[in-house]
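Chemist: Please find one structure pasted underneath; my questions will follow.
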Amino acid sequence: MRHSTTFLMSLIVASILVLMFLNLVLGSVSIPLKSVWNILCGLGNEPVTWQNIVWKSRLPQALTALVAGAGLAISGLQMQTVFRNPLAGPSVLGISSGASMGVAFVVLLSGSLGGVALSKLGFMGEIALSVAAVIGALSVMALIVYVSQKVKGNVTLLIIGVMIGYVANAVIGVLKFFSVEEDIRAYVVWGLGSFSRVSGNQMMLFVAIMAVLILLSFLLIKTLNLMLLGDGYARNLGLNIKRARLLVITSAGILTAIVTAYCGPVIFLGLAVPHLCRAIFQTSDHRVLMPAVLFAGAALALACNLIARMPGFEGALPVNSVTALVGAPVVASVLFRKRKNELNE
Amino acid sequence: MMKQDTIHINDLSIGYRTKHEIKRVASHIQARICSGELTCLLGENGVGKSTLLRTLSAFQPKLEGEITVLGREVGSYSDKELSTTIGVVLTEKCDIRNMSVRELVEMGRSPYTGFWGRLGKADKRIVEESITLVRIGNLASRMVHTLSDGERQKVMIAKALAQETPVIFLDEPTAFLDFPSKVEIMQLLHHLTRSMNKTIFLSTHDLELALQIADKVWLMDRTNGITTGTPEDLALSGHLSGFFARKGIVFDTETGLFRIDNQYSREIRLVGHGQRYAMVRKALQRNGIRAVRNVESLVWIDTGDRGTGSAFLICYPDGHIQATDTIESLLQQLSV
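Each protein sequence line maps, in turn, to chains B and U. Just so we're aligned, residue -6 is where the first sequence starts under my numbering, counting upward by one. Just so we're aligned, residue 1103 is where the second sequence starts under my numbering, counting upward by one.
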């Protein structure tokens, strides 16, 4: 049992390496393998355009996808465990809706009130978007955490979260209604999700923040395992339920908030990867699942990014379409096959 | 084996405190629970059995009074200390997928394991011992969600054993089980109190089983609060019959068990002894005929132990005797 776990885990890690490599090599501009290698090692005199493509586009994009995928998957796993609900995911508590609301405020109001379309602001606009998304997501999360300390049942909390999401979406709707078309388009594009928006220094910051958060989330492994048993048993085994819920929701919420701020609301990964890993590894033990979703989330995000950038699509395909279009059948088939095996047992 | 008082309850009131009012479920409870004994809590639905159990296991605060566990007030225990003192088996059904029985029992060790929950050699040994004690060794590698209700209950008991707590509380452990499983669980728990000197306290609706297996019984009702004692003492003092004095149930003082009270339309003389006598009597009672040895009736029945083979004999006033082979045809002859 242990044996196959190690084997599967190394398989996923290997696939990350391969996908990372493919992400650097493949793209709408074809650059020979050897040149990519030389550019990465800082050798030779490769054309500056190629160097720029690799260093300023492909590498940041791949790293962003890697980290965002890992973060969303962990967030999803934490949510599914804390709410004991297979349909829970990073977006379920309205946290990504909160981020969207923050962005909607900035994008849609700047046009109507300030008279400047944000899309024309360039770099400053990018930062404004990230900040707005983080503020939006974190304020919704603060609300959720506050509610989580007040209400007892997980289902109640889940429903309240979903309601907050609806309210946020309604606010966005109102904002859209009063906005100019150009801004709405900018908002919609943001909403499709993308790993290519993060560049340069921002990327370093993003990766650093996420690395710290992911490491911190690993501290909750034993807590999550106990939560599997349900509130009663977990308490009896010495777990402080209120504090545990606070920590897990905060961890999952911040992960989602940061990813959404930088990449837009990337759907599907957070919901699907934990299911995929539970099916593959046949366990609920978070000591296995946490690293598993970390790697699998990263791998899947890299794969999706690769497909979105396939020659022919010219980088135009939004990440959200790819994650759902490609990912959903894969996950469904894995779960389906597992179901059949169970029936045959 | 030393029997000790593990839990003292003094003038305890239980219930719920809301913003506007205090809902008192039971008050002035006076009782104690001993180690090495199986104590069963009996009472109607809604009388507050679960509330009492939840209060005793510190899941919810008491309203007034004292609960002393192993010489210390239960409120003074930290979460961690409680987790190594009281183990629970709850009614809430764990719908855990993708977790093996062994992994679930290992969870019982988590109060003792470190930050990552890694099990040491000693922990692993205790887990295996618990699995053996509950006799679920053949299930150890099965996934929990593939088990039957009875098997799952045993797994949860094994978890509580792995927790190594001197006290174990179980909230209706025999609910939803088929009869053999109920008996098995109760006997298992009884055995554990004896062999490991555990203090086991459980609530149940299976009063026949409880009266046969429990060392102590707590009767809980709205009017009298809680009455405690051995089943036998409670039977003699009339508490048991008073407790379940409802239409249709009588406490049979001869057997010390409950039976369904039938309305009798007539009486008949029944002669015989042993199992055949008891069975005929039971069948007649079900059909509204009170069968007694020392009553005069025109028609009487002999259960056929007087060298007449295996037939049941119906004796009519004119001296005519009819033999029947089964109780079914006997009942037919009596046209009931």
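Ideal Cβ positions, reconstructed from N, Cα and C, are used throughout, including at glycine. Predicted model, so just to flag it, every value in this text is computed and none were measured.
So which residues of chain U does ILE207/B contact, with C-beta pairs closer than 9 angstroms?
Modeler: By one-based count along the first sequence, residue 207/B stands at place 214. The contacting residues do not exist; ILE207/B stays about 16 angstroms from chain U at best.
Chemist: Do you know offhand how far VAL1229/U's Cα is from VAL281/B's?
Modeler: Numbered from 1 along the second sequence, position 127 holds the residue referred to as residue 1229/U. Numbered from 1 along the first sequence, position 288 holds the residue referred to as residue 281/B. C-alpha separation (whole angstroms): 20 angstroms.
Chemist: I'd like the span of the beta strand (DSSP E) that includes LEU1290/U, first residue to last.
Modeler: Start at 1 with the first residue of the second sequence, and residue 1290/U comes out as number 188. Run containing LEU1290/U: none in the beta strand (DSSP E); it sits in the alpha helix (DSSP H), 1281 to 1298.
Chemist: For THR341/B, which residues in the same chain have their Cβ closer than 8 angstroms to its Cβ, ignoring the five residues on either side in sequence?
Modeler: In this structure chain B extends from -6 to 338, so residue 341/B is not present and cannot be described.
Chemist: Tell me, please, whether the CB atom of ASN337/B is closer than 9 angstroms to any CB atom in chain U?
Modeler: As a position in the first sequence, residue 337/B is number 344, starting the count at 1. Residue confidence is low: ASN337/B scores 44 on pLDDT, short of 50, so the model does not pin down where it sits. No coordinate-derived value is stated.
Chemist: Would ILE1370/U pass as an interface residue toward chain B - the criterion being a Cβ-Cβ separation below 9 angstroms?
Modeler: Here residue 1370/U corresponds to residue number 268 of the second sequence, with the count starting at 1. No - not a single Cβ of chain B is within 9 angstroms of the one on ILE1370/U.
Chemist: Measuring CA to CA, which of ILE1188/U, GLY1117/U and PHE1271/U is closest to LEU1291/U?
Modeler: As a first step, residue 1291/U must be located in the second sequence, where it is residue number 189. With distances taken between Cα atoms, LEU1291/U lies closest to PHE1271/U.
Chemist: Using a Cβ-Cβ cut-off of less than 7 angstroms, give me the residues of the region 205 to 234 of chain B that come near chain U, in sequence order.
Modeler: Those residues of the region 205 to 234 of chain B that come within reach of chain U (Cβ to Cβ, closer than 7 angstroms) are ILE214, LYS215, ASN218, LEU219, LEU221, LEU222, GLY223, GLY225, TYR226, ARG228, ASN229, LEU230, GLY231 and ASN233.
Chemist: Is it the case that the Cβ atoms of SER189/B and THR57/B are separated by a distance below 9 angstroms?
Modeler: Taking the first sequence and counting its residues from 1, one reaches residue 189/B at position 196. Taking the first sequence and counting its residues from 1, one reaches residue 57/B at position 64. Against a cut-off of 9 angstroms, the Cβ pair of THR57/B and SER189/B comes out as a contact.
Chemist: Looking at GLY246/B: is its Cβ nearer than 9 angstroms to the Cβ of SER68/B?
Modeler: By 1-based counting over the first sequence, the position of residue 246/B is 253. By 1-based counting over the first sequence, the position of residue 68/B is 75. Yes, the Cβ-Cβ distance between GLY246/B and SER68/B is below 9 angstroms.
Chemist: Name the chain U residues that come within less than 9 angstroms of THR276/B, Cβ to Cβ?
Modeler: For the purposes of this step, residue 276/B is identified with residue 283 of the first sequence, where counting begins at 1. Near THR276/B (Cβ distances below 9 angstroms), the residues of chain U are ASN1200, MET1201, SER1202 and GLU1205.
Chemist: Listing by chain order, which chain B residues have their CB less than 8 angstroms from the CB of MET1213/U?
Modeler: As a position in the second sequence, residue 1213/U is number 111, starting the count at 1. The question names Met, yet the displayed sequence has Pro at residue 1213/U. Under the 8 angstroms cutoff, chain B gives LEU230 and GLY231.
Chemist: Rounded to whole angstroms, what's the CA-CA distance from ILE9/B to TYR1179/U? Just pull it up for me.
Modeler: Residue 9/B sits at position 16 when you count from the first residue of the first sequence. Residue 1179/U sits at position 77 when you count from the first residue of the second sequence. Going by the C-alpha atoms only, they are around 48 angstroms apart.
Chemist: In its own chain, which residues sit with a C-beta less than 8 angstroms from the C-beta of ARG1204/U, not counting the 5 before and 5 after it?
Modeler: What you label residue 1204/U is simply residue 102 of the second sequence in a count that begins at 1. Result list for ARG1204/U: VAL1229, ILE1233, ALA1242 and SER1243, in chain order.
Chemist: Go through its chain and collect everything with a Cβ distance to LEU1184/U's Cβ below 7 angstroms, but skip five positions before and after it.
Modeler: Working through the second sequence from its first residue, we reach residue 1184/U at position 82. Excluding residues within five positions, the ones whose Cβ falls inside 7 angstroms are ALA1160.
Chemist: Sort out for me which residues DSSP pairs MET1322/U with in a bridge.
Modeler: Taking the first residue of the second sequence as position 1, residue 1322/U is located at position 220. In the DSSP output, where bridge partners are listed per residue, MET1322/U has GLY1145/U and ILE1328/U.
Chemist: Do THR249/B and ASN1200/U have their C-beta atoms within less than 9 angstroms of each other?
Modeler: As a first step, residue 249/B must be located in the first sequence, where it is residue number 256. As a first step, residue 1200/U must be located in the second sequence, where it is residue number 98. Cβ atoms of THR249/B and ASN1200/U: not closer than 9 angstroms.
Chemist: Distance check for SER1129/U and ARG1174/U, CA to CA, integer angstroms please.
Modeler: Start at 1 with the first residue of the second sequence, and residue 1174/U comes out as number 72. Start at 1 with the first residue of the second sequence, and residue 1129/U comes out as number 27. Going by the C-alpha atoms only, they are around 21 angstroms apart.
Chemist: Give the range of the beta strand (DSSP E) segment to which VAL1269/U is assigned.
Modeler: Stepping through the second sequence from its first residue, residue 1269/U is reached at position 167. Looking at the DSSP string, the run of the beta strand (DSSP E) that includes VAL1269/U is 1269 to 1273.
Chemist: Closest to GLU1123/U by C-alpha separation, out of LEU1165/U, VAL1373/U, LEU1313/U and ASN1147/U, would be which residue?
Modeler: Counting from one through the second sequence, the residue named residue 1123/U turns up at place 21. Comparing Cα positions, the closest option is LEU1165/U.
Chemist: In whole angstroms, give me the CA-to-CA distance for VAL181/B and SER90/B.
Modeler: Translated into the one-based positions of the first sequence, residue 181/B becomes position 188. Translated into the one-based positions of the first sequence, residue 90/B becomes position 97. Approximately 13 angstroms, taken between the alpha carbons.
Chemist: ARG280/B touches chain U at which residues, Cβ-Cβ below 9 angstroms?
Modeler: Here residue 280/B refers to the residue found at position 287 of the first sequence. Correct list: TRP1218, GLY1219 and ARG1220.
Chemist: How would you list, in chain order, the residues of chain B whose beta-carbon sits under 7 angstroms from the beta-carbon of GLU1194/U?
Modeler: Within the second sequence, the letter at position 92 stands for residue 1194/U. Here the neighbours are GLY223 and GLY225.
Chemist: Quick one: does ILE1259/U have its CB under 9 angstroms from some CB of chain B?
Modeler: Along the second sequence, one-based indexing puts residue 1259/U at 157. Cβ-Cβ to chain B under 9 angstroms: no for ILE1259/U.
Chemist: If you reduce the DSSP assignment to three classes, tell me which class PHE1360/U lands in.
Modeler: Along the second sequence, one-based indexing puts residue 1360/U at 258. If DSSP states are grouped into helix, strand and coil, PHE1360/U belongs with the strands.
Chemist: Find the residues of chain U that neighbour LEU271/B, judging by a C-beta separation of less than 8 angstroms, and give them in chain order.
Modeler: The sequence position of residue 271/B within the first sequence is 278, counting from 1. A small correction: the amino acid at residue 271/B is Arg; Leu does not occupy that position in the sequence shown. Correct list: ARG1199 and ASN1200.
Chemist: Spatial neighbours of LEU122/B within its chain, please: C-beta separation below 8 angstroms, excluding the five flanking residues on both sides.
Modeler: Numbered from 1 along the first sequence, position 129 holds the residue referred to as residue 122/B. So the list reads VAL96, VAL99, VAL100, LEU111, TRP183 and ALA254, once near-sequence residues are dropped.
Chemist: Helix, strand or coil for LYS1164/U? Go by DSSP, reduced to three states.
Modeler: Counting from 1 along the second sequence, the entry for residue 1164/U is found at position 62. LYS1164/U falls in the coil class under three-state DSSP.
Chemist: Considering only the beta carbon of each residue, do PHE199/B and ILE120/B sit closer than 9 angstroms?
Modeler: Along the first sequence, one-based indexing puts residue 199/B at 206. Along the first sequence, one-based indexing puts residue 120/B at 127. Not closer than 9 angstroms, so no.
Chemist: With a cut-off of 8 angstroms, do at least 3 Cβ pairs link the region 76 to 94 of chain B to the region 312 to 321 of chain B?
Modeler: No contact exists between the region 76 to 94 of chain B and the region 312 to 321 of chain B.
Chemist: What did DSSP end up calling PHE261/B once you bin it into helix, strand or coil?
Modeler: Your numbering for residue 261/B matches position 268 in the first sequence. Coil, per DSSP.
Chemist: For TRP48/B and LEU33/B, I'd like the C-alpha separation in whole angstroms.
Modeler: Position 55 of the first sequence, counted from the first residue, corresponds to residue 48/B. Position 40 of the first sequence, counted from the first residue, corresponds to residue 33/B. If I take the Cα positions, the gap works out to 8 angstroms.
Chemist: Any Cβ of chain B within less than 9 angstroms of the Cβ of LYS1226/U?
Modeler: Here the question's residue 1226/U lines up with position 124 in the second sequence. No, because no Cβ of chain B sits closer than 9 angstroms to the Cβ of LYS1226/U.
Chemist: Kindly list the residues whose CB is nearer than 7 angstroms to the CB of GLY341/B, restricted to its own chain and excluding five residues on each side of it in sequence; keep chain order.
Modeler: This structure leaves residue 341/B out entirely; chain B is present only between -6 and 338.
Chemist: Which residues of chain B have a Cβ atom closer than 8 angstroms to the Cβ of GLY1189/U, listed in chain order?
Modeler: Taking the second sequence and counting its residues from 1, the one referred to as residue 1189/U is at position 87. Neighbours of GLY1189/U on chain B, chain order: ASN229.
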